[in-house]
Amino acid sequence: MSHHEIATLLLLFHAPIDAMAATPDVASLQEYGYVEIVSPDAGGPKVRLTEDGNAVLRGLGVK
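Remember, my numbering sits 141 above the position in the sequence shown when you count from 1.
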């Protein structure tokens, strides 16, 4: 995993981001199963961490 992908996971740890603002790293993280795109009731689609993404952060000592 690249340092950009790790930085993206750290950003998502604090709050989901707008899917339209997603970087190319989000596509890679989605392929790994670390993030998912969800459609909340209000607003557009958001990118958030999956349980696997949270596990990666726990492994890095973040959580």
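Ideal Cβ positions, reconstructed from N, Cα and C, are used throughout, including at glycine.
Original post:
Would you call the CB atoms of VAL188 and VAL167 closer than 8 Å?
Top reply: Contact flag set, yes.
Subject >> Range of the contiguous beta strand (DSSP E) that encloses LEU153 >> reply: From DSSP, LEU153 is part of no beta strand (DSSP E) but of the alpha helix (DSSP H) over 144-155.
**OP:** For the alpha helix (DSSP H) containing VAL167, list its first residue and its last residue.
**Re:** That run of the alpha helix (DSSP H) goes 165-173.
**OP:** State buried or exposed for LEU170, treating a residue as buried only when at least 16 other CB atoms are found within 10 Å of its CB.
**Re:** By the 10 Å Cβ count, LEU170 comes out buried.
Original post:
With a CB to CB cut of under 6 Å and the five nearest residues on each side skipped, what residues in its chain are close to ALA162?
Top reply: So no residue of the chain qualifies.
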